[in-house]
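**Student:** The listed protein sequences derive, respectively, from chains W and P. The opening residue of the first sequence carries number 436 in our numbering; numbering runs sequentially from there. The opening residue of the second sequence carries number 2 in our numbering; numbering runs sequentially from there. Handing you this structure, nothing more for now.
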Amino acid sequence: MTLIMVVDDDQDLAEMLGIVLNGAGYEVDLINHGDQVLDSFRANKPDLVLLDVMLPGIDGVEICRQIRAESMVPIVMLTAKSDSHDVVMGLEAGADDYMVKPFKSSELVARLKARLRRSSSDGANSLHLGDIVIDQVAHTLNRDGKSIPLTRIEFDLLVALAKEPGRVFTREALLSEVWGYQNATDTRLVNVHIQRLRSKVERDPENPELIQTVRGVGYKAGSIGS
Amino acid sequence: MKRFTRRWRKSILLQVTGSSVIISIIVIAVVGSVLYTKISAGIYHEKANAAVSEAQSLSDYTQSQLDATRYRTDISLTKVISGIFKASEVSPTTSVRETIMLATPATAKSSTLYQGSSHQVALSTIPEAFRVKVRKNFFSQSQRVKIQYTNRPGVAIDAIAVGRVVGIPVNSIYEIYYLFPLTQQQQLISLIRGWMFGTGIILILMIGLITWYVIRKVVLPVREVAEIAEKLSEGDLGRRLAIRSEDEMGRLAISFNEMALSMQQQISRLENLSRLQQRFVSDVSHELRTPLTTIRMASQILYDSRGLLDPAASRSAELLISQTERFETLLTDLLEVSRFDARAAILETKDVDLKIIVQRAIDTLQANEVAGFSFVAPDNEYHALVDDRRIERIVRNLISNAIDHSEGQGVVITMAQSEHEVAIGVRDFGIGFNDREADRLFDRFWRADPSRSRVRGGTGLGLAIALDDAKLHQGTLKAWGRPKHGAHFVVTLPKNPGIPISSELIAVVPSDEPSTIVTDIDNEEI
């Protein structure tokens, strides 16, 4: 069964989240205090972490960074301020997605489902982008025989771009293709993940060659030497 | 020149120094020229008197010598006459005087034997009019003349000529003229003129310098105060005047600094207050979100299982969920308003096609299912650099308002663009509004008819936020309305932020509705 770790200092909200997620068929590990997160994470190995960014004790962004240091598990943040610095900080620290309070139960469940879903490998099992080999079945990335660990979102983002090399994706298109959002315009989500992806796969993240920016439009996959 | 006039008008220092210099130039010039005239006249007069008396005695002597030739054999006439000229030729170059003898016209008829002059002075030196005057008078006459020399053409020396008639034996009458050059006097006068001129210039310079120094002493601190005051009004509240003396200027500096300090304290106190207030509103809105999330999820669970509840509880679950949603919209709007009040609203612009945004709003609100709906946008694309989230909010607000108030009479959305601007008009033919209502249209929480507005759960903040959003783009939002004829809202936006709106792409007063009320709030301060 899928285990979701819910980290929220508000006990009532945590309990409510537990009820909703149980109802949707997930197992839930409720954590009320930031200090317990890492121990519980190591012990229970959840499939997804739902994290409130404004926590007493250690703050959510720091927890996000710590979890990401150990695991590529999907992390979804909960925040009360959509326009705050916290969102960008959280995304930069490794969160895959965020939800702004208040949200509907159905929205939450749909979002978590999307994050838990493994992208279906249609067509070729392996893709090449520059000197990188993407194995869509094993969900791995190799350069010169060495594996590069990616989060699921980063992997999906790379696959989306690599499947159609040369095609320019707008940020909106990527939001819909990778995150499954319709009519969404939050480009911070895309920008931050592209940055993180580049820092992992580019030889020189300052001068990206694999993932190129098309000014005023979006991004496209390039290849070394092109 | 223009630059100078501007500097002149802007500087007291320049004005006072300049005008005092000009006035002293005039005074010194007048006094100087009067003095000069008097002095030179005096000098010439003195010389003239001396010349006349000298000439008188000389001519008396000459006459007596001439007379003596009649009865004394030891003195010959020719000797006497040549002696007359020789007396003037003591010094070969600069002579104290020159002598001319001229035959009267009566004598000249028979002979001009004794005519002559010293140092080859031209006989024409003596003007005819003067000769006539001399002949008519017994006493010596004097006049200013210019001495000319036959051997030195072009030379003319100012002199005083004194002439009288002398008799030469036998029966010849001649005029004798003594010419006294004024060279010395002229030198003296030009020396005096030079001194006066020099003194005048030095005086004027001194006056200018003193005025400049004195005024500067007063103006410089004033200028400093003005500069600091400008800095203060620009918001640099930490600026203070330097206190350099204990005089009036020092006192001015002290009280000025006190004023600036108390102003700074007042302002920072008010700033703190308003920051606290805004933070409070923002914090409250955010704090409310966590419990609201719980409530929302809980009410959803109740709502989902309402089939198991009795009718009253089931209806309560429905009300609970709809009111929770309304509460959330209200909270979002409130937060937006507090952001505008705190001037913390940020414009995140990007290039978008406004037609897509309008179309999306129409789709979301299912406006095309409203009776009499039409969307008129002749061009394919309406690109502009805008904050799409805000524009979508404006458009959605106007359209949902129009649908709510259209009474099934139709809603028309139009778009128009020019090189720099793009406009969206939303017109309905429903209940409209009157003058009194028009004044309050954009007020927060104001509703034209409280009984009917909750159909779609509007917060009453929609138009206020729409106006703020439009202003943030430096665009305009205008409204027209007339009871039972409907309303027309037009938002006009610059294609690039920062360029003020200069035209009316879509007239807010519909062409089919002449002479009606227009609410034009767009120039008000937020």
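Glycine residues also receive a C-beta, built at the ideal position from the N, C-alpha and C atoms. Note that the structure is predicted; figures quoted are calculated from it, not measured.
Kindly indicate if chain P contains any beta-carbon less than 8 Å away from that of W/Phe538.
**Tutor:** Chain P contact via Cβ: present.
**Student:** Measure how close the beta-carbons of W/Ile439 and W/Asp494 come, nearest whole angstrom, since I'm counting them as under 8 Å.
**Tutor:** The Cβ separation is near 21 Å, so there is no contact.
**Student:** In terms of residues, what are the limits of the alpha helix (DSSP H) holding P/His406?
**Tutor:** Residues 389-406.
**Student:** Could you compute how far the alpha carbon of P/Arg270 sits from the alpha carbon of P/Asp284?
**Tutor:** C-alpha separation (whole angstroms): 21 Å.
**Student:** Can you tell me whether P/Met2 is buried or exposed, with buried defined as 16 or more other CB within 10 angstroms of its CB?
**Tutor:** It is exposed - the Cβ of P/Met2 has fewer than 16 other Cβ atoms within 10 Å.
**Student:** Given a cut-off of 8 Å on the beta-carbon distance, is the pair P/Gly463 and P/Phe446 in contact?
**Tutor:** No, these two residues do not count as a Cβ contact at 8 Å.
**Student:** Of the choices P/Thr126, P/Ile255, P/Thr325, whose alpha-carbon is the least far from that of P/Pro292?
**Tutor:** Checked all of P/Thr126, P/Ile255, P/Thr325; the closest Cα to P/Pro292 is P/Thr325.
**Student:** Between the beta-carbon of P/Val163 and the beta-carbon of P/Ala88, is there less than 8 Å?
**Tutor:** No, Cβ-Cβ distance for P/Val163 and P/Ala88 is not below 8 Å.
**Student:** My output table needs one value for P/Ile507: the three-state DSSP class, helix, strand or coil.
**Tutor:** It is coil, neither helix nor strand.
**Student:** Counting C-beta neighbours from all protein chains within 10 Å, is the total for P/Val509 16 or more, i.e. buried, or is it exposed?
**Tutor:** Its Cβ being crowded by 16 or more others within 10 Å, P/Val509 is buried.
**Student:** For P/Ile432, which three-state DSSP category applies?
**Tutor:** Reduced to three states, the DSSP call for P/Ile432 is coil.
**Student:** With DSSP as the reference, label W/Asn457 as helix, strand or coil.
**Tutor:** In the structure shown, W/Asn457 sits in a helix (DSSP, three-state: H, G or I).
**Student:** Assign P/Pro495 to one of three DSSP states: helix, strand, or coil.
**Tutor:** Of the three classes helix, strand and coil, the one that applies to P/Pro495 here is strand, per DSSP.
**Student:** Closer than 8 Å, CB to CB, is W/Ala662 near chain P or not?
**Tutor:** Absent from the structure is residue 662 of chain W, since the part of chain W shown begins at 436 and ends at 661.
**Student:** How would you list, in chain order, the residues of chain P whose beta-carbon sits under 7 Å from the beta-carbon of W/Leu610?
**Tutor:** Simply none; closest approach about 14 Å.
**Student:** Taking 8 Å as the threshold (beta carbon to beta carbon), is W/Gly453 in contact with chain P?
**Tutor:** No, because no Cβ of chain P sits closer than 8 Å to the Cβ of W/Gly453.
**Student:** Can you look up W/Asp494 in the DSSP assignment and give me helix, strand or coil?
**Tutor:** Three-state DSSP puts W/Asp494 in coil, outside helix and strand.
**Student:** Leaving out the 5 sequence neighbours to the left and right, which residues in its chain are closer than 6 Å to P/Ile414 when beta-carbon positions are compared?
**Tutor:** Same-chain partners within the cutoff: Phe376, Val427.
**Student:** For P/Thr415, which beta-bridge partners are listed by DSSP?
**Tutor:** DSSP lists P/Val377, P/Gly426 as partners of P/Thr415.
**Student:** Helix, strand or coil: which one does DSSP assign to W/Glu462?
**Tutor:** Of the three classes helix, strand and coil, the one that applies to W/Glu462 here is strand, per DSSP.
**Student:** Could you check how far apart the C-beta atoms of W/Gly529 and W/Ile510 are, in whole angstroms? I think they sit under 8 Å.
**Tutor:** W/Gly529 to W/Ile510, Cβ: 6 Å. Contact.
**Student:** Measure how close the beta-carbons of P/Gln186 and P/Lys11 come, nearest whole angstrom, since I'm counting them as under 8 Å.
**Tutor:** Actually they do not touch by this definition, with Cβ atoms about 52 Å apart.
**Student:** Taking Cβ-Cβ distances shorter than 8 Å, what residues in chain W pair up with P/Arg297?
**Tutor:** In chain order: Pro537, Phe538, Lys539, Ser540.
**Student:** At the 8 Å Cβ level, is W/Lys581 part of the contact set with chain P, yes or no?
**Tutor:** So, not an interface residue.
**Student:** In this structure, how does DSSP classify P/His421 when only helix, strand and coil are distinguished?
**Tutor:** Reduced to three states, the DSSP call for P/His421 is coil.
**Student:** Please decide whether W/Ala515 counts as near chain P, where near means a Cβ-Cβ distance under 8 Å.
**Tutor:** Judged by the 8 Å Cβ criterion, W/Ala515 is in contact with chain P.
**Student:** How about P/Thr350 and P/Val396: are their beta carbons less than 8 Å apart?
**Tutor:** Not a contact, by the Cβ cut-off of 8 Å.
**Student:** I think W/Val613 touches W/Val652, with their Cβ atoms under 8 Å apart; what is that distance to the nearest whole Å?
**Tutor:** Contact flag wrong, Cβ pair sits at about 17 Å.
**Student:** Might you give, ordered along the chain, the residues of its own chain that have their beta carbon closer than 7 Å to the beta carbon of P/Thr18, omitting 5 neighbours on each side?
**Tutor:** So the qualifying residues of the chain are Gly209, Thr212, Trp213, Ile216.
**Student:** Expressed to the nearest angstrom, what Euclidean distance is found between the alpha-carbon atoms of P/Val338 and W/Ala656?
**Tutor:** Between P/Val338 and W/Ala656, the C-alpha separation is close to 42 Å.
**Student:** To the nearest angstrom, how far is the alpha carbon of P/Leu14 from that of P/Met250?
**Tutor:** For P/Leu14 and P/Met250, the distance between alpha carbons rounds to 17 Å.
**Student:** Taking contact to mean at least 3 C-beta pairs separated by less than 8 Å, is the stretch 34-45 of chain P in contact with the stretch 237-250 of chain P?
**Tutor:** Result no; under three Cβ-Cβ pairs closer than 8 Å.
**Student:** Please report the straight-line C-alpha distance between P/Phe257 and P/Gly236, rounded to a whole angstrom.
**Tutor:** Those two C-alpha atoms are separated by around 16 Å.
**Student:** How far does the alpha helix (DSSP H) with P/Asp68 in it reach, from first residue to last?
**Tutor:** Residues 13-69.
**Student:** W/Gln647 to W/Pro600, Cα distance in whole Å?
**Tutor:** Going from the Cα of W/Gln647 to the Cα of W/Pro600 covers about 11 Å.
**Student:** Please identify the residue among P/Asn402, P/Ala109, P/Ile161 whose C-alpha is closest to the C-alpha of P/Gly431.
**Tutor:** Per the Cα distances, P/Asn402.
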